[in-house]
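Trainee:
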Amino acid sequence: MRILTLATTALLTLMTAGFAHAHAFLDHAEPRVGSKVAAAPTEVVLFYSQNLEAAFSSIEVSDANGARVDQGKPRISASTMRVGVKALPPGTYRVRWQVLSVDTHTTEGNFSFTVGP
Amino acid sequence: MSRPLLHTIALAGVIAATCSSHALAHCFVGARFLPATLATDDPCVADELSLPTVGWSKTGDFPPASELDISGEISKRITENFGVSIGQNWTSIRQADGTLTQGFNNFETTFQYQILKDREHELAILSGLIVDWGRTGSTGSGLATNYSLVTPTLYFGKGFGDLPSSFSWFRAFAVTGQVGYQIPTTSFDFTQNAFVPQQLVYGASLQYSMPYLKSEIIDLGLPDFINHLIPIVELSLSTPVANNFGNPYTTTGTVNPGVIWVGSYFQVGLEAMIPVNRASGTGVGVLGQLHLYLDDMFPSTIGQPLFGGTSSPRKLTF
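Keeping their order, the protein sequence lines are chains A and B.
Sequential numbering from 68 applies to the first sequence in our numbering.
Sequential numbering from 442 applies to the second sequence in our numbering.
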């Protein structure tokens, strides 16, 4: 009986407290993670699994020498973060990001894409 | 409405209403997420609930008996880096002649302290002290002992995402492991009329993260279900090392190939349990687990450390 009571308590606690938002995972990106694109993009767009806190989310794009090629401030809307990039010559570029989901969970990551024929 | 049910509802309401503040993570180390492993433990303190973990196997006896284990464990951060886990396991053993033995094992608590989380190198190190409290289970059935077991344990986890990009898809691999030294509080068990050995208890996992592959290395456009999978092989072993007079120093344990599906709020794991030798079991067993991320489900309530919860959010530096 005590076990049943505890189990019911746990279940009711879960139900009454309600679900919130979780960590924001990178769902997909444009250009796609690890991809090779023929035409240089004018911006990098990241799509997340949760809505983001704009004040604590950021993105950097750099070339193979580590020089920044992003320009302007990141624009964040709901679960999407985008930043403009300079005219990109053929080469490999690294995107580094960190975001805070709306419930204060922090996640981060980085990936590369290549511009070339 | 019955009185116990009223108590239950009242308690649930109090818990939900009184817990407040905000949250951080389960086992994230930089860009790496290390899932909760089934046979061993992950290298992070966290707010999480494993309920249930169900295992079925055949023992190494002649003839073998069927063993069913059902367990639950809740882990709670006391501070940001210090956590406590409480677990209980129920066992049912059916002998070949039909004899049935059932009952609870001893109550287990684990105290853990996060020594290191290196984001750049996806490295986590955790220290712990596992205590199986004697006389808290079904001692009459022989499934629990009259003495306690104390096991200082070191845990680690390492992702290979910091390898050069030329390693490409290999960077999605990660390893975790633990090594503990189990010390019984008595050297001789008078009920079994046998020495109680000190044991080395150790294990490891090798895992390949499809979520990591997709978000950090290459997005292959695979189905969403596949992108949530972490194929894994676990190894869980114990070896008597002292106070084992007259008995063989045989290592026992299992190799567990399987897979973990990782969601935003929970994960589901399923593994085969392959005995490493005849003393470890007979045939292939099965181990399954539902694991809830309490810090994601309730980030402003029970998913927070009890003391010194996360202060205001901070912007990380690259």
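Ideal placement from N, C-alpha and C gives every residue a C-beta, glycine not left out.
Rounded to whole angstroms, what is the Cα-Cα separation between H463(B) and P746(B)?
Mentor: Because H463(B) sits at a pLDDT of 32, beneath the cut-off of 50, its placement in the model cannot be relied upon, and the following sentence gives the value as read from the coordinates. Cα to Cα, H463(B) sits roughly 9 Å from P746(B).
Trainee: If we ignore side chains and look at the alpha-carbon of each, how far apart do E489(B) and A105(A) end up?
Mentor: 45 Å
Trainee: Any beta-carbon of chain A closer than 8 Å to the one on T459(B)?
Mentor: Low per-residue confidence applies at T459(B): pLDDT is 31, beneath 50, and the placement is therefore not dependable, though the value from the model is reported in the following sentence. Not one chain A Cβ lies under 8 Å of T459(B).
Trainee: For a contact defined as C-beta to C-beta under 8 Å, what are the partners of F178(A) on chain B?
Mentor: S656, E657, I658
Trainee: With DSSP as the reference, identify every bridge partner of K517(B), one or two as the case may be.
Mentor: V525(B)
Trainee: Suppose you measure from the CA of I701(B) to the CA of Y588(B); what does that come to, to the nearest Å?
Mentor: 35 Å
Trainee: At 9 Å on the CB atoms, spell out the chain C contacts of F469(B), in chain order.
Mentor: Here chain C cannot be found, since the structure's protein chains are A and B.
Trainee: Note down, in chain order, all residues in the segment 486-503 of chain B with a beta-carbon under 7 Å from any beta-carbon belonging to chain A.
Mentor: none
Trainee: Please list the residues of the segment 141-165 of chain A that have a C-beta atom closer than 8 Å to any C-beta atom in chain B, keeping them in chain order.
Mentor: R163, Q165
Trainee: Check whether the Cβ of V136(A) lies closer than 8 Å to any Cβ atom in chain B.
Mentor: no
Trainee: By how many angstroms is the C-alpha of T532(B) removed from the C-alpha of F686(B)?
Mentor: 28 Å
Trainee: Leaving out the 5 sequence neighbours to the left and right, which residues in its chain are closer than 6 Å to V572(B) when beta-carbon positions are compared?
Mentor: T550, V591
Trainee: Alpha carbon to alpha carbon, how far is L604(B) from F707(B)? Give it in angstroms, no decimals.
Mentor: Spanning the alpha carbons of F707(B) and L604(B) requires a straight line of approximately 29 Å.
Trainee: Determine the closest residue to S102(A) out of G158(A), G151(A), R149(A), with distance taken between C-alpha atoms.
Mentor: G158(A)
Trainee: Could you check if N132(A) is buried or exposed, using at least 16 other CB atoms within 10 Å of its CB as the buried criterion?
Mentor: Exposed.
Trainee: Less than 8 Å between CB atoms is the rule here; does A466(B) satisfy it with respect to chain A?
Mentor: Because the pLDDT of A466(B) is 47, which lies under 50, any placement of that residue in the model is unreliable, and the number read from its coordinates should be weighed accordingly. With 8 Å as the cut-off, A466(B) counts as an interface residue toward chain A.
Trainee: For the beta strand (DSSP E) containing L595(B), list its first residue and its last residue.
Mentor: Element bounds for L595(B): 590-600.
Trainee: Bridge partners of I658(B), per DSSP?
Mentor: I658(B) is not bridged to any residue.
Trainee: According to DSSP, simplified to helix, strand and coil, what is P652(B)?
Mentor: helix
Trainee: CB E514(B) to CB I534(B), shorter than 8 Å?
Mentor: no
Trainee: Going by other Cβ atoms of all chains shown within 10 Å of its Cβ, with 16 needed for buried, is R612(B) buried or exposed?
Mentor: buried
Trainee: For a contact defined as C-beta to C-beta under 7 Å, what are the partners of L93(A) on chain B?
Mentor: S656
Trainee: Are any of the Cβ atoms in chain B nearer than 8 Å to that of V111(A)?
Mentor: Not flagged as an interface residue toward chain B: V111(A), since no C-beta distance is shorter than 8 Å.
Trainee: Spatial neighbours of T692(B) within its chain, please: C-beta separation below 6 Å, excluding the five flanking residues on both sides.
Mentor: So the qualifying residues of the chain are L678, T680.
Trainee: Given V642(B), which residues of its chain have a CB within under 7 Å of its CB, disregarding the five upstream and five downstream residues?
Mentor: T592, G621, Q623, S679
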